[in-house]
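Participant:
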Amino acid sequence: MKKIIVTHDLNIVCQNNGELIQKKIKDVLSFDEIVFLSFFNGALSLCNFLESKWFDIDSQKIGRAVPNGQFEIVTVDNGLVALKKDKSFLRANNKDTIDLVANKRNLWETFKLIDVEDFSRIAVFMKNKWCVDFDNSASDVDYSKSNFQEIHINNIIIPFDLLMMYLKASPSMNEIVLNVNWKIFRLSRINPAIIYVIFGRGDLLKQAKISIESLDKLGKFLGDLFFITNLPDSEIFSLLPERFLNKSYIIHYDAKDRLDFVGARLSIFSTNLLEQYQPIIYSDADIVYDRNIEEFICKSSRSKKCSAQIEYFHKFKTSSHTGATLFKKDPFFIEDVYGFNGGILMVPNIDSHGVYLKHAYYALCKYTDENGRDSLPFYDQSILNYILYKMDDFDGRLVTERTQIGGEGDKKIRDLYDLDPKKTKGFVHFWNSAKRHVDMEKYYRDVLQNS
């Protein structure tokens with residue numbers, strides 16, 4: 051038996067250099083911080099995670115090689131307990147520390163004991179934001195109202211033990227469906243990540259800097275960023291607003307040709323780096339985020355399929371831009387649909403969609419190995435169209451409704467979009483521009499001026 055001790059106001063009994071303290075669940079970073087209740091030669095005492103250091107009754111610190119004295123568990127009710135040593139009760143006081151001075155039990159001397167697996171699940175719940183039902187804003191757990199008997203989130207009161215039952219029934223914890231009395235609720239986890247691929251310098255770095263700044267200032271993005279690059283960390287960090295400095299992860303690749311440049315964006319989906327995130331967005335560097343994307347993030351977390359911008363000028367079955375090369379070699383039944391652009395790819399989560407993206411990466415590597423590194427038009431975009439359509443894992447509406455195309459390159463494309471900085475939708479993809487960073491900068495500044 052090794053249990054974690056939860057206080058009345060939903061803190062965890064932890065230790066700092068041996069001293070017993072309280073920490074909010076969301077602030078616990080490691081099991082090494084936590085104090086456990088465990089047996090030593092039949093005696094019940096407090097210890098560290100490795101059970102190598104034990105509670106010293108005299109100093110009331112964790113550090114003894116062998117515990118001196120033992121605790122008694124006093125059953126209270128509703129799964130709650132008190133921990134007693136002789137005539138004194140362990141107490142979670144109002145100074146965020148733990149002492150052993152109370153001679154009678156009240157609320158501060160009452161605890162809930164949970165095992166390591168249950169703590170891991172409740173920690174995920176407490177540390178993440180959640181969209182409830184069809185809300186388009188994310189909610190945190192309300193710590194000011196929650197306690198060891200009930201959790202408050204978005205005006206819902208969930209009994210602690212009931213929540214634990216539903217968390218155990220949801221292995222990935224991306225979506226939790228639960229009943230509180232007769233009412234049903236769906237909670238979708240919000241822990242988003244955006245991926246950029248940046249190889250080389252010059253105009254590409256200028257584009258990336260504008261894109262990331264717009265993601266901060268206008269997109270109001272609060273999640274993590276991943277950068278796949280061949281550049282030094284210092285150059286990537288020089289692009290970042292302060293908000294993203296400790297929320298960014300850099301993955302280094304060598305890239306020598308176009309296939310490397312575009313294939314890298316699929317390679318990350320063959321790893322486990324993204325398993326905790328929902329939703330996941332791949333973004334080209336020439337994207338300007340022109341409004342708050344929280345609504346998009348919430349809707350993406352509920353989506354059952356991946357999404358990208360439909361190109362109404364390319365048919366999937368006939369256009370080499372969007373997968374026709376592969377479809378002709380491996381035809382399957384599908385309506386006469388339009389292809390999509392891979393510059394913004396929304397993946398709801400890895401748990402349900404990662405298998406297709408891993409196969410997309412494998413297919414890209416295998417096809418180009420057999421037919422030549424430049425044998426597949428538009429590389430990853432063709433692969434994604436082919437695989438996501440064949441696996442019926444694509445619905446373009448979520449991204450398409452929020453994406454416009456910027457730039458004056460092809461007038462036919464430009465005429466499809468009434469790009470107005472006063473009528474923002476979410477994303478503007480500047481692939482139709484001869485000087486992308488120039489057009490991006492101008493549009494971004496215009497939106498800022500009008501916001």
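Numbering of the sequence shown is given in the working numbering, commencing with residue 51 and proceeding in unit increments. For glycine and all other residues, C-beta sits at the position ideal for the given N, C-alpha and C. Computed from a prediction, not measured in an experiment: that's the story for all the values here.
Kindly identify the DSSP beta-bridge partner or partners of ASN61.
Facilitator: Your numbering for residue 61 matches position 11 in the sequence shown. The partner list for ASN61 (beta bridge, DSSP) reads LYS74.
Participant: Suppose you measure from the CA of LEU268 to the CA of LEU157; what does that come to, to the nearest Å?
Facilitator: Start at 1 with the first residue of the sequence shown, and residue 268 comes out as number 218. Start at 1 with the first residue of the sequence shown, and residue 157 comes out as number 107. Each residue's alpha carbon lies about 46 Å from the other.
Participant: For TYR494, collect the residues of the same chain with a Cβ closer than 8 Å to its Cβ; drop the 5 residues on either side in sequence, then sort them by chain order.
Facilitator: Taking the sequence shown and counting its residues from 1, the one referred to as residue 494 is at position 444. Hits under 8 Å: ILE260, GLU263, SER264, LEU268, VAL338, ASP340.
Participant: Give the secondary structure of LEU426 by DSSP, where H, G and I count as helix, E and B as strand, and everything else as coil.
Facilitator: Here the question's residue 426 lines up with position 376 in the sequence shown. Coil at LEU426, not helix or strand.
Participant: Is the stretch 281-296 close to the stretch 365-377, with three or more CB pairs under 8 Å?
Facilitator: Result no; under three Cβ-Cβ pairs closer than 8 Å.
Participant: If you run the structure through DSSP and keep just helix, strand and coil, what is PHE295?
Facilitator: Here the question's residue 295 lines up with position 245 in the sequence shown. Note that residue 295 corresponds to Leu in the displayed sequence, not to Phe. Three-state DSSP puts LEU295 in coil, outside helix and strand.
Participant: Closer than 8 Å: is that where the CB of PRO221 sits relative to any heavy atom of the ligand NAD?
Facilitator: Because no ligand of any kind appears in the structure shown, any question about the ligand NAD cannot be addressed here.
Participant: Taking DSSP as the reference, what is the three-state secondary structure of LEU157?
Facilitator: What you label residue 157 is simply residue 107 of the sequence shown in a count that begins at 1. Of the three classes helix, strand and coil, the one that applies to LEU157 here is helix, per DSSP.
Participant: Find out if the Cβ-Cβ distance for the pair VAL397, TYR332 is shorter than 9 Å.
Facilitator: As a working mapping, residue 397 is identified with position 347 in the sequence shown. As a working mapping, residue 332 is identified with position 282 in the sequence shown. Taking 9 Å as the Cβ cut-off, VAL397 and TYR332 qualify as a contacting pair.
Participant: TYR439 and ILE360 - do their beta-carbons sit closer together than 9 Å?
Facilitator: Here residue 360 refers to the residue found at position 310 of the sequence shown. Here residue 439 refers to the residue found at position 389 of the sequence shown. No, the Cβ-Cβ distance between ILE360 and TYR439 is not below 9 Å.
Participant: Looking at the secondary structure, which residues open and close the alpha helix (DSSP H) in which CYS181 lies?
Facilitator: Reading the sequence shown from its first residue, position 131 is the one you call residue 181. Counting along the chain, CYS181 falls outside any alpha helix (DSSP H), though it belongs to the beta strand (DSSP E) covering 179-182.
Participant: Would you mind stating whether CYS64 and SER187 have Cβ atoms separated by less than 9 Å?
Facilitator: Taking the sequence shown and counting its residues from 1, one reaches residue 64 at position 14. Taking the sequence shown and counting its residues from 1, one reaches residue 187 at position 137. Their beta carbons are not under 9 Å apart, which means CYS64 does not touch SER187 by this criterion.
Participant: On the three-state DSSP scale, how would you describe ASP496?
Facilitator: Mapped onto the sequence shown, residue 496 falls at position 446. DSSP places ASP496 in helix when its eight states are reduced to three.
Participant: So within the stretch 206-270, which uninterrupted beta strand (DSSP E) runs reach at least 3 residues, ignoring any that extend past its ends?
Facilitator: Listed in chain order, the complete beta strand (DSSP E) runs (minimum 3 residues) inside the stretch 206-270 are 206-209, 225-230, 233-240, 243-248.
Participant: Contact defined as beta carbons within less than 8 Å: I believe PHE198 pairs with LYS162. What is the distance between those atoms, to the nearest angstrom?
Facilitator: Mapped onto the sequence shown, residue 198 falls at position 148. Mapped onto the sequence shown, residue 162 falls at position 112. Going by Cβ atoms, the distance from PHE198 to LYS162 rounds to 4 Å, so yes, they are a contact pair.
Participant: Is the CB-CB distance between ASP489 and GLY457 below 9 Å?
Facilitator: Translated into the one-based positions of the sequence shown, residue 489 becomes position 439. Translated into the one-based positions of the sequence shown, residue 457 becomes position 407. Going by C-beta atoms, ASP489 is nearer than 9 Å to GLY457.
Participant: In chain order, what residues of the same chain have a beta carbon less than 8 Å from the beta carbon of PRO427, not counting five sequence neighbours either side?
Facilitator: Here residue 427 refers to the residue found at position 377 when the sequence shown is read from its first residue. SER370, HIS371, THR375.
Participant: How long is the line joining the alpha carbons of LEU290 and ALA258, rounded to whole angstroms?
Facilitator: Taking the first residue of the sequence shown as position 1, residue 290 is located at position 240. Taking the first residue of the sequence shown as position 1, residue 258 is located at position 208. Their backbone Cα atoms lie some 10 Å apart in a straight line.
Participant: Candidates LEU316, ASP253, LEU70: which alpha carbon is nearest HIS409's?
Facilitator: Position 359 of the sequence shown, counted from the first residue, corresponds to residue 409. With distances taken between Cα atoms, HIS409 lies closest to LEU316.
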